[in-house]
Amino acid sequence: MKDLLVSPSYCYILAANFLLYFGFYILMPVLPFYLTEVFGLGKSSIGTILACYTVSALVVRPFSGYLLDAFARKPLYLLAFTVFTSVFGLYMVAGSVLLFVALRIVHGLSFGMVTVAGNTIVIDILPSSRRGEGIGYYGLANNIAMSLGPMTGLFLHDYYSFTIIFLSALGCCLAGLVMASLVKTPVKPRIERDSPVSLDRFILLKGIPVGIDLLLISIPYGITTTYVAMYAKSIGVLSGTGLFFTFMAAGMAVSRMFSGKQVDHGKITQVIMYGIIIVIFCYIGLYICEPLSGLSGNIVKIILYCSALALGIGSGMMFPAFNTMFVNLGRNDQRGTATSTYLTSWDVGIGIGLVLGGIIGDMFSFSYAYLSGAGLCLLSLLIFKFRIIPHFQKNRLR
């Protein structure tokens, strides 16, 4: 990694990416409590409202890819980053559910653009020979933020008001915006003016099968990151729930020590398959926590944290490899489109997970949501082995 960090722009975009996701994930586990305590909403309603964010991000993803391929990327990146940051301040004055939903939609639209732009710019900065490793460390920045952010948010929720939590998220993203403004972007291939506007400018058509497979894995991931704190409390783990995300971050850091280099050495499909297998065991572990909760609280905590470690290792292996797979299926002038298709698949899965997790939690318990997640990952593994690998080998461009 040392020679990658020689590039100042790569360092700046890593920092900007970390701060953006850290601010975002501070709120992730807190918002269900906010909607319950402030507006008195139930689990199903919470899942639907939170999914508005994902749906709006999903809507803007394909257009983001086209715009980033057609026009200068940095101005679009900074504009989206600015809007995304400003919404954190507006949350504090949202006095009704309707206004909160409207802000979530705006937040999702800006998040859809800023994440596609950031991922595309980092691909521009990286040399092709180090792309897998570089994307891996870029992903690690948001994965660590995703792990430390919820822990910080839950800590703040225990001791401070929601206003302090929103201000903390706002401050992080403002610092990230400063870092983003320092990034220097290279000259990129552009869509010619007379190039016809077609569907593959908005969606990487060759990436659709891969996207469907990624979607299946994203559903239980969305359930976990949003509802695991509530699940932990329901099974008697009343303190230390933030450690789940710490162990998850540790697992991701471990996986990045070897998985990115394996991807650059041509083992992209093997890395993804091993990652899926690991997360299957994670969701099985989360499922059995509830039946065991009446026997031993210490055993439940050990299984909970081991599951978090497994989720971090498996996710840290899979998701950067999936990102590289999408990029390898597209032309150089389709980098934005490839990235937006990758993130669109992710968003669809996360959105389904938000709604599905809330419904299952209301009707049964969150443990059944994790059992369903293990089944979805097993289905994804079978599809990947017998359908996606042949498709990728046939259509890859590099």
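In full-length UniProt numbering, the protein residues as written are 1 to 398.
Built from N, CA and C at the ideal position, the CB exists for glycine as well.
Note that the structure is predicted; figures quoted are calculated from it, not measured.
For the alpha helix (DSSP H) that contains residue i, what are its first and last residues?
| i | result |
| --- | --- |
| I352 | 335-363 |
| G40 | It is not in any alpha helix (DSSP H) - G40 carries neither H nor E in the DSSP assignment. |
| K206 | Premise fails: K206 is in no alpha helix (DSSP H) and is neither H nor E. |
| Y10 | 8-27 |
| K261 | 259-264 |
| I388 | Per DSSP, I388 belongs to no alpha helix (DSSP H) and is neither H nor E. |
Taking DSSP as the reference, what is the three-state secondary structure of residue i?
| i | result |
| --- | --- |
| G176 | helix |
| S293 | coil |
| G117 | For clarity, residue 117 is Ala in the given sequence; the question names Gly instead. Helix. |
| H107 | helix |
| V183 | coil |
| K74 | helix |
| R193 | Low confidence applies to R193: its pLDDT is 47, below 50, so where it sits in the model is not reliable, and the reading given next is rough at best. Coil at R193, not helix or strand. |
| I235 | coil |
| V228 | helix |
| L397 | coil |
| A94 | coil |
| L215 | helix |
May I have the straight-line CA-CA distance separating residue i from residue j, to the nearest angstrom?
| i | j | result |
| --- | --- | --- |
| F84 | V93 | 16 Å |
| M179 | F386 | 43 Å |
| A15 | P75 | 18 Å |
| D333 | Y342 | 16 Å |
| A374 | K184 | 42 Å |
| R259 | I350 | The residue you asked about is not Arg; residue 259 is Ser in the sequence shown. Cα to Cα, S259 sits roughly 23 Å from I350. |
| G207 | T115 | 18 Å |
| L148 | F319 | 18 Å |
| residue 399 | I125 | The structure shown does not extend to residue 399, since the chain is modelled only from 1 through 398, so no value can be given for it. |
| S41 | L167 | The question names Ser, but residue 41 in the sequence shown is Leu. Rounded to whole angstroms, L41 to L167 spans 23 Å at the Cα level. |
| S181 | L78 | 7 Å |
| D347 | L216 | 11 Å |
| G316 | I123 | 18 Å |
| A72 | I13 | 16 Å |
| N17 | G136 | 13 Å |
| A70 | R335 | 11 Å |
| A250 | A175 | 24 Å |
Considering only residues of the same chain and omitting the five flanking positions on each side of residue i, which have a CB-CB separation below 7 Å?
| i | result |
| --- | --- |
| L177 | F81, T82, T85 |
To which residues of the same chain is residue i closer than 8 Å at the C-beta, ignoring the five residues directly before and after it?
| i | result |
| --- | --- |
| L381 | M273, I276, I277, I280 |
| L329 | L204, K206, G207, V210, A338, F392, N395, R396, L397 |
| V101 | I49, C52 |
| Y227 | P32, G357, G358, G361, F366, A369 |
| I26 | G149, P150, T152, G153, L156, I165, S168, A169, C172 |
For residue i, is the classification buried or exposed, using 16 other Cβ atoms within 10 angstroms of its Cβ as the cut-off for buried?
| i | result |
| --- | --- |
| L379 | exposed |
| I268 | buried |
| G266 | exposed |
| residue 405 | Limits of the chain in this structure are 1 at one end and 398 at the other, which puts residue 405 out of reach. |
| G65 | buried |
With a CB to CB cut of under 6 Å and the five nearest residues on each side skipped, what residues in its chain are close to residue i?
| i | result |
| --- | --- |
| Y29 | First, the residue type needs correcting, since residue 29 is Pro and not Tyr in the sequence shown. Excluding positions up to five away in sequence, the list reads P150, G153, L154, A229. |
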